[in-house]
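Each residue of the sequence shown is one higher than the last, beginning at 22 in this note's numbering.
Ideal placement from N, C-alpha and C gives every residue a C-beta, glycine not left out.
This structure is a prediction, so every number in the text was calculated from the model and none was measured.
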Amino acid sequence: MELKGKIAVVTGVSKGIGLSTVEALLDKGAIVAGWGRNAPELKHENFHFFECDVRYPESVQRAFDQTISQLGVHVSVLVNNAGLGIGGYLDEQSIEDWLTMFETNVNGVFYCSRLVLPGMKELGEGHIINISSIAGTTGIEGMSGYCGSKYAVRGISQSLYKEVRNYGVKVTCIFPGSVNTNFFDNFENITSRENMMRPEDIASTIVHALESHANYHHVEIEVRPLMPKGRIQK
Numbered sequence: 022m023e024l025k026g027k028i029a030v031v032t033g034v035s036k037g038i039g040l041s042t043v044e045a046l047l048d049k050g051a052i053v054a055g056w057g058r059n060a061p062e063l064k065h066e067n068f069h070f071f072e073c074d075v076r077y078p079e080s081v082q083r084a085f086d087q088t089i090s091q092l093g094v095h096v097s098v099l100v101n102n103a104g105l106g107i108g109g110y111l112d113e114q115s116i117e118d119w120l121t122m123f124e125t126n127v128n129g130v131f132y133c134s135r136l137v138l139p140g141m142k143e144l145g146e147g148h149i150i151n152i153s154s155i156a157g158t159t160g161i162e163g164m165s166g167y168c169g170s171k172y173a174v175r176g177i178s179q180s181l182y183k184e185v186r187n188y189g190v191k192v193t194c195i196f197p198g199s200v201n202t203n204f205f206d207n208f209e210n211i212t213s214r215e216n217m218m219r220p221e222d223i224a225s226t227i228v229h230a231l232e233s234h235a236n237y238h239h240v241e242i243e244v245r246p247l248m249p250k251g252r253i254q255k
């Protein structure tokens with residue numbers, strides 16, 4: 022897809038992968054609508070922030086209506102990036118924390134995707150990028166709720182790409198390993214970050230997938246730090 026002049030929606034844009042993705046898309050000439058609870062410290066003529074909490078369908082609908090009203094008829098790109106993780110053993114995790122993860126990580130993908138898809142189908146072109154996690158491919162002790170939510174993102178992505186591929190619409194699910202973002206702020210046992218991936222590296226992968234030939238489809242992409250524990254010392 023040629024990104025210049027296209028309307029792209031990115032969720033969870035205040036920092037981390039979301040903000041880096043916004044910046045990468047702006048560099049390509051896209052018109053970017055950032056949906057999030059908090060606005061990033063970013064000023065650009067082609068960046069437009071719309072307050073949105075993806076847990077709530079009415080909030081997503083309002084952000085979508087504002088985006089279409091102000092920026093144009095069709096959204097060509099949606100990056101479902103908004104997400105969070107709260108650690109805890111299943112029998113110890115609060116119902117509130119469990120619901121918060123699923124409402125954000127899973128329901129948010131549904132609420133956002135269902136609104137942009139009719140326009141993408143009409144346009145005959147579009148790309149939805151869903152940010153899952155390595156936790157969406159393997160279970161992790163003490164993170165059953167988070168893993169469950171990210172497994173769900175994978176299942177949704179796998180089904181959805183088959184539903185929309187013949188309309189010329191792509192769906193790509195990305196599974197990052199550890200990325201140096203604020204995601205780990207709530208995990209006391211995570212102390213070393215220098216060997217994690219950079220948010221801008223994930224953003225570059227997103228752009229690479231978006232710019233691929235119309236008949237070339239990245240269904241799933243797994244990315245990890247090369248040396249998560251650092252280089253072996255001889």
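Roughly how many angstroms lie between the CA atoms of residue 89 and residue 252, to the nearest whole one? 48 Å
Is residue 197 closer than 8 Å to residue 225 when the C-beta atoms are compared? no
Beta-carbon contacts of residue 188 that lie in its chain and below 6 Å, excluding the five residues immediately before and after: 142
Taking 8 Å as the threshold, find out whether the region 94 to 101 comes into contact with the region 55 to 70 through three or more Cβ pairs. no
If we ignore side chains and look at the alpha-carbon of each, how far apart do residue 77 and residue 24 end up? 29 Å
Tell me the residue span of the alpha helix (DSSP H) that contains residue 85. 78 to 92
Please classify residue 232: does DSSP put it in a helix, a strand, or coil? coil
Whose C-alpha, out of 248, 186 and 173, is nearest the C-alpha of residue 214? 248
Residue 28: first and last residue of the uninterrupted alpha helix (DSSP H) it sits in: Note, residue 28: premise wrong, no alpha helix (DSSP H); beta strand (DSSP E) at 28 to 32.
In the DSSP assignment, find the unbroken beta strand (DSSP E) run with residue 193 in it and report its ends. 190 to 197
Using the rule of at least 16 other Cβ atoms within 10 Å of the residue's Cβ for burial, across every protein chain shown, is residue 190 buried or exposed? buried
According to DSSP, is residue 101 helix, strand or coil? strand
For residue 216, three-class secondary structure by DSSP: coil
Let me know the alpha helix (DSSP H) ranges lying completely inside the region 126 to 168, each 4 residues or longer, listed in chain order. 129 to 144
Per DSSP, which one or two residues make a beta bridge with residue 56? 32 and 71
May I have the straight-line CA-CA distance separating residue 81 from residue 177, to the nearest angstrom? 18 Å
Span of the beta strand (DSSP E) around residue 242: 241 to 244
Please report the straight-line C-alpha distance between residue 47 and residue 234, rounded to a whole angstrom. 20 Å
Give the DSSP-derived three-state secondary structure of residue 43 in the structure shown. helix
In the DSSP output, what is residue 109 paired with across the bridge? 164
Keeping to the same chain, check which residues put their C-beta closer than 6 Å to that of residue 230; ignore five residues upstream and five downstream. 193 and 239
Use the C-beta contact count for residue 139: other C-beta atoms within 10 angstroms, 16 or more gives buried, fewer gives exposed. exposed
Limits of the alpha helix (DSSP H) - the one that residue 122 falls within: 116 to 123
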